[in-house]
Amino acid sequence: MIYINEDNDSSDQTMLEELSHYITGASDNTGPFQSFAFQISVVFANKMDEVKSQLTQSIMSNKLVKL
2 MIYINEDNDS SDQTMLEELS HYITGASDNT GPFQSFAFQI SVVFANKMDE
52 VKSQLTQSIM SNKLVKL
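Take any residue in the sequence shown, count from 1 to its spot, add 1: that is its number in my numbering.
Right, here's the structure in full:
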């Protein structure tokens with residue numbers, strides 16, 4: 002079980018790091034942990050590009066999109 006305290010958003014980085022340890026079972030400064038960090042960064046970057054593209058298309062066509 003994982004508990005995420007939503008009352009304190011300043012700990013987002015720590016939450017993501019600890020969740021990554023839980024998912025990978027890897028320790029700090031190990032290849033698998035670093036590999037996971039880069040893999041998830043690519044996923045987030047691709048999602049941001051997708052959202053940016055949808056917004057651009059929406060603005061160009063003067064329509065709203067549900068994200």
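For glycine and all other residues, C-beta sits at the position ideal for the given N, C-alpha and C.
Here the structure is a predicted model, which is why all the values come from computation and not from measurement.
Asked	Found
Where Tyr4 sits in the DSSP three-state scheme	coil
Ser28 - DSSP class collapsed to helix/strand/coil	coil
Rounded straight-line distance, which links the Cα of Asn6 to that of Ser42	23 Å
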